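Trainee: Questions regarding the structure given below will be posed in turn.
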Amino acid sequence: DVKVTQSSRYLVKRTGEKVFLECVQDMDHENMFWYRQDPGLGLRLIYFSYDVKMKEKGDIPEGYSVSREKKERFSLILESASTNQTSMYLCASRDPGLAGVETQYFGPGTRLLVL
Amino acid sequence: KQEVTQIPAALSVPEGENLVLNCSFTDSAIYNLQWFRQDPGKGLTSLLLIQSSQREQTSGRLNASLDKSSGRSTLYIAASQPGDSATYLCAVSAGQNFVFGPGTRLSVLP
Chain A
1 DVKVTQSSRY LVKRTGEKVF LECVQDMDHE NMFWYRQDPG LGLRLIYFSY
51 DVKMKEKGDI PEGYSVSREK KERFSLILES ASTNQTSMYL CASRDPGLAG
101 VETQYFGPGT RLLVL
Chain B
116 KQEVTQIPAA LSVPEGENLV LNCSFTDSAI YNLQWFRQDP GKGLTSLLLI
166 QSSQREQTSG RLNASLDKSS GRSTLYIAAS QPGDSATYLC AVSAGQNFVF
216 GPGTRLSVLP
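Just so you know, the protein sequences line up as chains A and B, in that order. Here the first sequence is numbered in this note's numbering, starting from 1 and rising by one per residue. Here the second sequence is numbered in this note's numbering, starting from 116 and rising by one per residue.
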């Protein structure tokens with residue numbers, strides 16, 4: 001079974017702090033994604049990466065950065081946390097599958113509260 | 116820009132009923148469509164994936180259909196159980212990313 005793990009289930013941080021959210025997958029997937037999920041807004045893509053040291057902006061990259069130094073690890077960084085970044089953060093990893101059928105696998109999520 | 120909607124937003128049914136969840140998307144140029152389940156406070160679990168060339172996929176009591184030309188997919192759940200209570204999301208893939216719908220929150224009452 002594919003496993004996607006996230007470093008923390010719950011985090012409480014103060015405004016202005018630098019925050020690191022870590023995601024690790026164990027299936028050698030090339031593509032990894034960071035989403036945030038908010039009530040009424042659904043899942044929105046923040047950043048994704050299709051290879052080591054490669055990154056692409058998603059729909060809402062402002063206030064975030066990412067790092068992909070190793071294939072299995074994709075980190076989301078909040079340089080200076082703000083209260084509007086309070087959210088559920090979900091990491092996903094994508095398997096190209098057979099005949100190009102791509103399936104996404106999600107981690108358990110990190111619920112971040114910024115005070 | 117692709118937009119995905121799901122109707123209804125919430126649904127409550129008694130145990131044992133068959134039910135249908137709906138997903139609509141605006142751009143029919145998709146590679147595939149995936150249905151997920153999300154339990155409260157948890158991540159997403161993949162249920163079914165339908166390739167753009169397919170019409171339906173089945174797994175146990177779940178059946179998902181896809182009509183690309185009309186931009187619609189349905190998830191049929193047979194003989195619902197309290198353990199099916201969760202939020203169900205659909206997502207369409209067209210290129211690198213998936214675009215998600217807002218989800219349908221399902222409650223199956225014992």
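All C-beta atoms, glycine included, are put in the ideal place defined by N, C-alpha and C. Quantities reported herein were computed from a predicted structural model and do not represent experimental measurements.
Could you give the first and the last residue of the continuous beta strand (DSSP E) run that contains V52 (chain A)?
Mentor: First-last for V52 (chain A): undefined, no H or E at that position.
Trainee: Hey, does Y47 (chain A) have any beta-carbon neighbour from chain B nearer than 8 Å?
Mentor: Judged by the 8 Å Cβ criterion, Y47 (chain A) is not in contact with chain B.
Trainee: Quick one: which chain A residues come within Cβ less than 8 Å of G218 (chain B)?
Mentor: Those are G42, listed as they occur along chain A.
Trainee: Is S167 (chain B) near Y146 (chain B), with beta carbons less than 8 Å apart?
Mentor: Taking 8 Å as the Cβ cut-off, S167 (chain B) and Y146 (chain B) qualify as a contacting pair.
Trainee: How big is the Cα-Cα spacing for E79 (chain A) and S93 (chain A)?
Mentor: Between E79 (chain A) and S93 (chain A), the C-alpha separation is close to 23 Å.
Trainee: With distances taken between CB atoms, is the gap from Q196 (chain B) to E130 (chain B) smaller than 8 Å?
Mentor: Taking 8 Å as the Cβ cut-off, Q196 (chain B) and E130 (chain B) qualify as a contacting pair.
Trainee: Under 9 Å Cβ-Cβ, which residues of chain B neighbour R111 (chain A)?
Mentor: Residues of chain B passing the Cβ test: G156.
Trainee: Have a look at R49 (chain A) and V214 (chain B) and give me their C-alpha separation to the nearest angstrom.
Mentor: The residue you asked about is not Arg; residue 49 (chain A) is Ser in the sequence shown. Going by the C-alpha atoms only, they are around 16 Å apart.
Trainee: Tell me the rounded alpha-carbon separation between S200 (chain B) and D154 (chain B).
Mentor: For S200 (chain B) and D154 (chain B), the distance between alpha carbons rounds to 8 Å.
Trainee: Which word fits Y35 (chain A), buried or exposed, when buried means at least 16 other C-beta atoms lie within 10 angstroms of its C-beta?
Mentor: With 16 or more Cβ atoms within 10 Å of its Cβ, Y35 (chain A) is classed as buried.
Trainee: Give the straight-line distance between the Cα atoms of S222 (chain B) and L76 (chain A), rounded to the nearest whole angstrom.
Mentor: In a straight line, the C-alpha of S222 (chain B) is about 33 Å away from that of L76 (chain A).
Trainee: Please check the pair A81 (chain A) and E17 (chain A), which I expect to be a contact at CB under 8 Å, by giving their CB distance rounded to whole angstroms.
Mentor: Yes, they are in contact, since the Cβ atoms of A81 (chain A) and E17 (chain A) sit about 5 Å apart, within 8 Å.
Trainee: What residues match up with G42 (chain A) in a beta bridge as DSSP calls it?
Mentor: According to DSSP, which records beta bridges pairwise, G42 (chain A) is partnered with A:D38.
Trainee: So what does DSSP say about D199 (chain B), is it helix, strand or coil?
Mentor: Looking at D199 (chain B) - three-state DSSP - the assignment turns out to be helix.
Trainee: Starting from T189 (chain B), follow the beta strand (DSSP E) in both directions and report where the run begins and ends.
Mentor: Here the beta strand (DSSP E) through T189 (chain B) covers R187 to I192.
Trainee: Does T15 (chain A) come within less than 8 Å of chain B when only Cβ atoms are used?
Mentor: It does not: the Cβ of T15 (chain A) has no partner Cβ on chain B nearer than 8 Å.
Trainee: Evaluate the contact criterion for the region 175-194 of chain B versus the region 102-113 of chain A: three or more CB pairs, one atom per stretch, below 8 Å.
Mentor: Cβ pair count under 8 Å is below three, so no.
Trainee: List the residues of chain B whose Cβ lies closer than 7 Å to the Cβ of Q25 (chain A), in chain order.
Mentor: Residues of chain B passing the Cβ test: none, with the nearest at roughly 12 Å.
Trainee: So, does the region 51-58 of chain A touch the region 116-134 of chain B, judging by three or more C-beta pairs under 8 Å?
Mentor: No, the region 51-58 of chain A does not touch the region 116-134 of chain B.
Trainee: Please tell me whether L164 (chain B) has its Cβ less than 8 Å away from any Cβ of chain A.
Mentor: Closer than 8 Å: yes.
Trainee: Return helix, strand or coil for Q169 (chain B), following the three-state DSSP convention.
Mentor: Correct three-state label for Q169 (chain B): coil.
Trainee: Quick check: what's the CA-CA separation for R44 (chain A) versus L134 (chain B)?
Mentor: Going from the Cα of R44 (chain A) to the Cα of L134 (chain B) covers about 28 Å.
Trainee: Under 8 Å by Cβ, that's how I've got G186 (chain B) and S139 (chain B) pegged, so tell me the actual separation to the nearest angstrom.
Mentor: Correct: roughly 6 Å between the Cβ atoms.
Trainee: Of the residues that make up the region 72-94 of chain A, which ones have a beta carbon closer than 9 Å to any beta carbon in chain B?
Mentor: Those residues of the region 72-94 of chain A that come within reach of chain B (Cβ to Cβ, closer than 9 Å) are M88, L90, C91, A92 and R94.
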